[in-house]
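If you read the protein sequences in the order shown, they are chains A and B. First residue of the first sequence: 0, per numbering that gives the first Met the number 0; consecutive thereafter. First residue of the second sequence: 0, per numbering that gives the first Met the number 0; consecutive thereafter. Reading through the structure tokens given below for one structure.
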Amino acid sequence: MLKFALLGLLAQDPKHGYDLKNELEQALGGHWEINFGQIYTTLARLERDELVRVAAEDRDGRGKKTYRITAAGRKDLAAWFEEPVEKPRQLRDEFFIKWIVGKLAGQSDPMRIIDRQRQAYLTQLRDLTALTGRAGDPNVELMVEGAILHLQADLRWLDLCEERLERGELEKPRAAIRKE
Amino acid sequence: MNMIVETKNVTKTFGMNGIAVEAVRGIDLQVREGEFVAIVGPSGSGKSSLLHLIGAMDHPTSGEVFFRERPLSRMNDGARTDLRAREIGFIFQTFNLLPMLNVFENVEVVMRFGGLAKRERIQRTESLLKTVGLAERMRHLPNRLSGGERQRVAVARALANQPALVLADEPTGNLDSTTGTGILELLREICNSRKQTVIMVTHDFRAASYADRVLVLRDGRIRGEAGLKGVTDTHKTLNQLLELELE
Numbered sequence: 000m001l002k003f004a005l006l007g008l009l010a011q012d013p014k015h016g017y018d019l020k021n022e023l024e025q026a027l028g029g030h031w032e033i034n035f036g037q038i039y040t041t042l043a044r045l046e047r048d049e050l051v052r053v054a055a056e057d058r059d060g061r062g063k064k065t066y067r068i069t070a071a072g073r074k075d076l077a078a079w080f081e082e083p084v085e086k087p088r089q090l091r092d093e094f095f096i097k098w099i100v101g102k103l104a105g106q107s108d109p110m111r112i113i114d115r116q117r118q119a120y121l122t123q124l125r126d127l128t129a130l131t132g133r134a135g136d137p138n139v140e141l142m143v144e145g146a147i148l149h150l151q152a153d154l155r156w157l158d159l160c161e162e163r164l165e166r167g168e169l170e171k172p173r174a175a176i177r178k179e
Numbered sequence: 000m001n002m003i004v005e006t007k008n009v010t011k012t013f014g015m016n017g018i019a020v021e022a023v024r025g026i027d028l029q030v031r032e033g034e035f036v037a038i039v040g041p042s043g044s045g046k047s048s049l050l051h052l053i054g055a056m057d058h059p060t061s062g063e064v065f066f067r068e069r070p071l072s073r074m075n076d077g078a079r080t081d082l083r084a085r086e087i088g089f090i091f092q093t094f095n096l097l098p099m100l101n102v103f104e105n106v107e108v109v110m111r112f113g114g115l116a117k118r119e120r121i122q123r124t125e126s127l128l129k130t131v132g133l134a135e136r137m138r139h140l141p142n143r144l145s146g147g148e149r150q151r152v153a154v155a156r157a158l159a160n161q162p163a164l165v166l167a168d169e170p171t172g173n174l175d176s177t178t179g180t181g182i183l184e185l186l187r188e189i190c191n192s193r194k195q196t197v198i199m200v201t202h203d204f205r206a207a208s209y210a211d212r213v214l215v216l217r218d219g220r221i222r223g224e225a226g227l228k229g230v231t232d233t234h235k236t237l238n239q240l241l242e243l244e245l246e
């Protein structure tokens, strides 16, 4: 994601790595300090892929490098804006795996897994709710609200897991979609 | 810590068109003094019925409810009314203010049966309305107030007799999320600084997350329990969130 954030900032005008870091931090409400190393690794990768290039005059010097977006970089960025995000959120995958593996291993009490997870989600929800109206930046507020909605859905899903478990519905195999 | 509320295998069955509906199916609950407990569940899970039993507003079909170790079933109607008036404060989803009384009077009126001198009643009412941020609106009638303001009057009223226990039934149900947050912070504050106990029922996990402990209710039974520990570090929370988003 950092790749496109940097391309987007460079689409306006050429910038130093330091400017990129500052502008991005500012756009995110000034709450997050982005690791310099992360910015430079990403810039190096973008340069290798010819999506950005270093301005000619800076190439030999030891001074700061100015990065410029290339035509290919603009094309990549435009394509990214055109595409909806296809990949579903994966933040909760580990819970699902824990659920399945716990069942296979026969070592874990699924109710206990749910209880613990619920506790963790509720604590996260409390922490996020404390942020609403206080994140400072309206766009960051939106992100917080989004995370809250996701957590509420996660909590409802835990209820569903529990309900199905109690009714013994998880033991019956069902007709499944099979690979042709 | 002492228990303020305890229920032992409490049940409630309603008759509806000749069909018995079990709203509460055997609940054992213990709430300590000064705790903020949220009971969360979908509609029809029995949470309001349970709250009515705890608040001595209704009698259980079987089982027992204790208030500070006193069994409610042994109290006569007079004693129950007294308990509700002096030791329990109620907050409802629909505010339930008296429309012909202004903000000040809505709070003050509930102190009139407590044998408090007029001067003290006035002082306490003003102080409570200041606490809930309505010092400037004391002479307004409820219909001139927003939903959030009405609920804040209701919170002040619930606290008027300095009850040990505050019961809240979907207190944010009719409010937008920002206004609701204000009410929840107020309830949190009641617990933290006044050491009063709060039991809130809600269908909203977000509201529930303000509590010290969350009980999940479904089909009239407690299905899960979660204690919320630690203190929020907002800076850290935001950091983690941004890091995930930008990964």
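Glycine is no exception: its CB is placed at the ideal position from the N, C-alpha and C atoms. Given the structure is predicted, the values throughout are model-derived calculations rather than measurements.
- For the 9 Å CB-CB criterion, A:L9 and A:Q37 do not form a contact.
- In the DSSP annotation of this structure, the continuous segment of the beta strand (DSSP E) that includes B:A225 starts and ends at 220 to 226.
- Annotated as proximal: B:R205 and B:S176, with beta-carbon spacing under 9 Å.
- Using beta-carbon distances, A:E168 does not count as an interface residue toward chain B, since no partner is under 9 Å.
- B:S48 has a beta carbon lying at 9 Å or more from every beta carbon in chain A.
- Taking a C-beta cut-off of 8 Å against chain B, the contacting residues of the stretch 124 to 145 of chain A are L124, R125, D126, L127, T128, A129, L130, T131, G132, R133, A134, V139, M142, V143, listed in chain order.
- As the crow flies, the alpha-carbon of A:L27 is around 19 Å from that of A:L42.
- Using a 10 angstroms sphere on the CB of B:N105, the tally of other CB atoms reaches 16 or more, which defines it as buried.
- A straight line joining the alpha-carbon of A:E162 with that of A:W98 spans about 14 Å.
- Against chain A, a Cβ distance below 8 Å from B:T180 picks out T128, T131, G132.
- Going by DSSP, B:F35 is part of the beta strand (DSSP E) stretching over 35 to 39.
- B:K228 and B:I38 have their alpha carbons spaced roughly 17 Å apart.
- One finds nothing in chain A with a Cβ atom closer than 9 Å to the Cβ of B:F35; even the nearest lies about 11 Å away.
- A straight line joining the alpha-carbon of B:I53 with that of B:E135 spans about 35 Å.
- Straight through space, the alpha carbons of B:T80 and B:P41 are spaced by roughly 30 Å.
- Chain-ordered listing is empty here: chain A has no CB closer than 9 Å to the CB of B:V23, the nearest sitting near 18 Å.
- DSSP places B:R217 in the strand class (E or B) of the three-state scheme.
- In the DSSP secondary-structure assignment, B:R67 is not bridged to any residue.
- Contacts between B:E242 and chain A, judged by CB atoms closer than 8 Å, involve W31 in chain order.
- Shortest Cα-Cα distance from B:L100 to any of B:A153, B:F65, B:A207, B:L50 involves B:A153.
- Taking 8 Å as the cut-off between beta carbons, the residues of the stretch 213 to 233 of chain B near chain A are V213, V215, R217, R222, G223, E224, A225, G226, L227, K228, G229, T231, D232, T233, in sequence order.
- At a cut-off of 9 Å between beta carbons, B:T80 makes no contact with chain A.
- Between B:N191 and B:A55, the alpha-carbon positions lie close to 25 Å from each other.
- Runs of the alpha helix (DSSP H) spanning 4 or more residues and lying entirely within the stretch 75 to 137 of chain B occur at 76 to 86, 102 to 107, 117 to 130, in chain order.
- By the Cβ neighbour-count rule, A:L6 is buried, with 16 or more other Cβ atoms within 10 Å of its own.
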